[in-house]
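> Residue numbers (my numbering): -17 to 464.
This is the structure I have questions about; it appears just below.
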Amino acid sequence: MEQIRRTKIVELLQSTAFGAQVNVKGWVRTKRGNKQVNFIALNDGSCIHNIQIVADVASFDEALLRRITTGAAVSINGEITESSGSGQKVEILAKEMEVMGDCDVDKYPIQPKKHTLEFLRENAHLRFRTNTFGAIARIRHAMIFAVHEFYTKKGFVNIHTPIITASDAEGAGEMFKVSTLDYDNLPRTEEGAIDYSQDFFGKATNLTVSGQLEGELAALAMGEIYTFGPTFRAENSNTSRHLAEFWMIEPEMAFYDLDDNMDLAEEFLKYLIQYALNNCMDDLQFLSKRLQEEEKNKKADERSMELIEKLQFVLSNDFIRLPYTEAIEILRNSKPNKKGKFKYPIDGFGSDLQSEHERYLVEKHFKKPVILTDYPKDIKAFYMKQNDDGKTVRAMDVLFPQIGEIIGGSQREEDYDKLVTRMKEMDVPHEEMWWYLDTRRFGSVVHSGFGLGFERLMLFVTGMGNIRDVIPFPRAPKTAEF
RNA sequence: UCCCUAGUAGCUCAGUUGGUUAGAGCGGCGGACUGUUAAUCCGUAGGUCGUAGGUUCAAGUCCUACCUGGGGAGCCA
């Protein structure tokens, strides 16, 4: 074959250089045709759309055409032409074709037809080759970039917090142990406990559940920082909204109170959504169409808003900011509560809100994102700033429709004595946390931060229903394939 | 971890109160068609009914346990 530099399909589809000789490489999605002419739909991952290759059957070996099957990798030299078909403006009239990698159709699991998401999840190594997962991968990348762009523009400093940590005091969930000890022959202390002094780090270590505490250390010197890294939770939670390994963005800001914190969270989420609308429209439109097909099978009152409309709706509305005690009042007086429709009836101050309550507030009562603030201190973490009422803390949860809690954050307790007292009350080993407490001993200031679950954001932006479909290789209980 | 639900052809599913040789669509393959868009039309191959027990003259169908998937709950991001 003549050597021509490869052009990506995303560029070819924009091209008007009719007559130009180009090379295109990619994977065959479908082939159809008759004795005279073959049409090959080719995709190279550069965009959701395929380019149509037109091959005059008489110009090619029958054996070669036979090898061009769904899934095969091919390299094609040809001429950019104006399409005479109705589905596209541009196509490639093939001059030379080469099969780079054959694909045995009897064994290849991805067929040119609709597959269920469950089936593709079991074939996650090949699901990038479908329109849906190609779109999700491109949107995920765009969102990663937008996160860094947002904070860079605001002058935040990105901090890599440790993935292996000796701190077990975050209280954010069960942890995965990190060890090089021989499980079949564990060293023991005289009391019979496992002797971690002989372990790699000389103490018990875990995978991080949050970079927040280290983030605070950086914020109380750099001013405004953010982390963006993997976090690990060994909770046995089997839901469509939880992963054992997920990515989290945790900004932490000195001199920010809770109001500043909420302003930032809202601006941040809207920035990301706007970025997706500005840069991923083709992929969003595809996902939207896909969702609409699915929605057809649902009852009218269970159907959700069209994807792009939903994203624009969030952009054009202020988030509701609501203290916990007011939320309780709304729920107490709500129809479902009075009619006994809630599985967990609202009786008063102190109880944590169940997902049915959050969903009622977001989806039924306000019909827009809600930031709940000032939760009872007993259901929140030790580091949250205590209010003067002695009952609540300066916490904030951002609740999104369908997803629930997308952001959790708070103003932090900057007072050394109050923090230590709270740690003792909640059995947090404050001696081990001396390094964290030092920030409150030396130049402590008002500061705040929050955590955004990146995959939860992806759920919202893509409209997907299962969190295992918005991360390439999901890790969950009994699930570590690929 | 708890509750509900499902597992039948490569994929998506149907299979009646338990009853003879287990069905369809899509996909594959073969053929027809001068430009198709998930092409269309004709033909064709393809199944240890999740696994292990049990009930019964007889089990895809009923019962038990386990495995795996899905939905919901809790935990949270």
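Don't be surprised by glycine CBs; every beta carbon is placed ideally from N, CA and C.
Just so it is clear, the structure is predicted and the values come from calculations on it, not from any experiment.
Exposed or buried, which one is E291 when buried takes at least 16 other CB atoms within 10 Å?
Mapped onto the first sequence, residue 291 falls at position 309. Per the 10 Å Cβ criterion, exposed.
> Contact between the segment 141 to 148 and the segment 203 to 221 is defined here as three or more beta-carbon pairs at a separation below 8 Å; is this criterion met?
Judged by Cβ distances under 8 Å, the segment 141 to 148 makes contact with the segment 203 to 221, as three or more pairs qualify.
> In the DSSP assignment, the beta strand (DSSP E) including H429 goes from what residue to what residue?
By 1-based counting over the first sequence, the position of residue 429 is 447. Run containing H429: 429 to 435, per the beta strand (DSSP E) assignment.
> Among F455, N448, F464, which has the Cα closest to the Cα of L99?
Along the first sequence, one-based indexing puts residue 99 at 117. Looking at the Cα atoms, N448 is the closest of the given residues.
> Pull up the distance between the alpha-carbon of L240 and that of R376, whole angstroms please.
Numbered from 1 along the first sequence, position 258 holds the residue referred to as residue 240. Numbered from 1 along the first sequence, position 394 holds the residue referred to as residue 376. Those two C-alpha atoms are separated by around 7 Å.
> Rounding to the nearest angstrom, what Cα-Cα distance links I58 and G27 in this structure?
In the first sequence, residue 58 corresponds to position 76, counting from 1. In the first sequence, residue 27 corresponds to position 45, counting from 1. Using only the alpha carbons, I get a separation of about 16 Å.
> Is DSSP giving D265 helix, strand or coil here?
As a working note, residue 265 is residue 283 in the first sequence. Helix at D265.
> Could you tell me which residues DSSP puts in a beta bridge with K13?
Here residue 13 refers to the residue found at position 31 when the first sequence is read from its first residue. According to DSSP, which records beta bridges pairwise, K13 is partnered with I22.
> To the nearest angstrom, report how far apart E396 and L199 are at their CA atoms.
Numbered from its first residue, the first sequence carries residue 396 at position 414. Numbered from its first residue, the first sequence carries residue 199 at position 217. For E396 and L199, the distance between alpha carbons rounds to 12 Å.
> Should F364 be labelled buried (16 or more other beta-carbon atoms within 10 Å of its own) or exposed?
Taking the first sequence and counting its residues from 1, the one referred to as residue 364 is at position 382. That one is buried.
> With M230 as the anchor, note down where its alpha helix (DSSP H) starts and where it stops.
Your numbering for residue 230 matches position 248 in the first sequence. Segment 227 to 236 is the beta strand (DSSP E) holding M230; no alpha helix (DSSP H) there.
> Can you tell me which of the three DSSP states A377 falls into?
Here the question's residue 377 lines up with position 395 in the first sequence. Residue state, collapsed to three classes: strand.
> Below 8 Å, can you find three or more Cβ-Cβ pairs linking the segment 155 to 172 to the segment 208 to 226?
Contact holds: three or more Cβ-Cβ distances are below 8 Å.
> Can you name the residues that DSSP bridges to N140?
Position 158 of the first sequence, counted from the first residue, corresponds to residue 140. Y208, per the DSSP bridge assignment.
> Would you call the CB atoms of L251 and L266 closer than 8 Å?
By 1-based counting over the first sequence, the position of residue 251 is 269. By 1-based counting over the first sequence, the position of residue 266 is 284. No.
> By how many angstroms is the C-alpha of N25 removed from the C-alpha of G69?
Numbered from 1 along the first sequence, position 87 holds the residue referred to as residue 69. Numbered from 1 along the first sequence, position 43 holds the residue referred to as residue 25. Going by the C-alpha atoms only, they are around 15 Å apart.
> Between the Cα of L225 and the Cα atoms of Q(-15), A462, H97, R(-13), which residue gives the shortest distance?
Here residue 225 is taken as the residue at index 243 of the first sequence, counted from 1. Here the closest residue by C-alpha is A462.
> Excluding five sequence neighbours on each side, which residues of the same chain lie with their C-beta closer than 8 Å to the C-beta of K362?
Position 380 of the first sequence, counting from 1, holds the residue named residue 362. Correct list, in chain order: V375, A377, S392.
> Classify T221 as buried or exposed, calling it buried when 16 or more other Cβ atoms lie within 10 Å of its own Cβ.
The residue given as residue 221 occupies position 239 in the first sequence. Exposed: under 16 other Cβ atoms inside 10 Å.
> In whole angstroms, give me the CA-to-CA distance for W416 and Q194.
Start at 1 with the first residue of the first sequence, and residue 416 comes out as number 434. Start at 1 with the first residue of the first sequence, and residue 194 comes out as number 212. About 16 Å.
> Distance, Cα to Cα, A117 vs D166?
Taking the first residue of the first sequence as position 1, residue 117 is located at position 135. Taking the first residue of the first sequence as position 1, residue 166 is located at position 184. If you take the alpha carbons of A117 and D166, they lie about 45 Å apart.
> Give the range of the alpha helix (DSSP H) segment to which E484 is assigned.
In this structure the chain extends from -17 to 464, so residue 484 is not present and cannot be described.
> Ignoring anything shorter than 3 residues or poking outside the segment 272 to 336, list the beta strand (DSSP E) runs there in chain order.
Runs of the beta strand (DSSP E) inside the segment 272 to 336: 302 to 305.
> Please tell me whether E61 and A2 are closer than 8 Å, where the distance is taken between their beta carbons.
By one-based count along the first sequence, residue 61 stands at place 79. By one-based count along the first sequence, residue 2 stands at place 20. Yes, the pair counts as a contact, with Cβ atoms nearer than the cut-off.
> By alpha-carbon positions, which one of R14, I35, R11 ends up nearest to V4?
For the purposes of this step, residue 4 is taken as residue 22 along the first sequence, with counting starting at 1. It is I35.
> Between which two residues does the alpha helix (DSSP H) containing T134 stretch?
Sequence index remark: in the first sequence, residue 134 carries index 152 (1-based). Here the alpha helix (DSSP H) through T134 covers 113 to 135.
> What does the alpha-carbon distance come out to for the pair C29 and V(-8)?
Here the question's residue 29 lines up with position 47 in the first sequence. Here the question's residue -8 lines up with position 10 in the first sequence. In a straight line, the C-alpha of C29 is about 6 Å away from that of V(-8).
> Is E80 a contact residue of the ligand ATP, with contact defined as CB to any heavy atom under 7 Å?
The ligand ATP is not among the ligands present in this structure, which contains no ligands whatsoever.
> Our contact map puts G83 next to A55 with C-beta atoms below 8 Å; I'd like the distance itself, whole angstroms only.
Taking the first sequence and counting its residues from 1, the one referred to as residue 83 is at position 101. Taking the first sequence and counting its residues from 1, the one referred to as residue 55 is at position 73. Confirmed, Cβ separation roughly 4 Å.
> To which residues of the same chain is S179 closer than 6 Å at the C-beta, ignoring the five residues directly before and after it?
Working through the first sequence from its first residue, we reach residue 179 at position 197. No residues qualify anywhere along the chain.
> What first and last residue would you give for the beta strand (DSSP E) that runs through K189?
Taking the first residue of the first sequence as 1, we reach residue 189 at position 207. Residue identity differs from the one stated: residue 189 is Leu in this sequence, not Lys. Unbroken beta strand (DSSP E) run through L189: 187 to 189.
> Excluding the 5 residues preceding and the 5 following Y253 in the sequence, name in chain order all residues of the same chain whose CB lies nearer than 6 Å to its CB.
One-based indexing of the first sequence puts residue 253 at position 271. The residues are F132.
> Between which two residues does the alpha helix (DSSP H) containing T(-2) stretch?
Position 16 of the first sequence, counted from the first residue, corresponds to residue -2. No alpha helix (DSSP H) holds T(-2); DSSP gives it neither H nor E.
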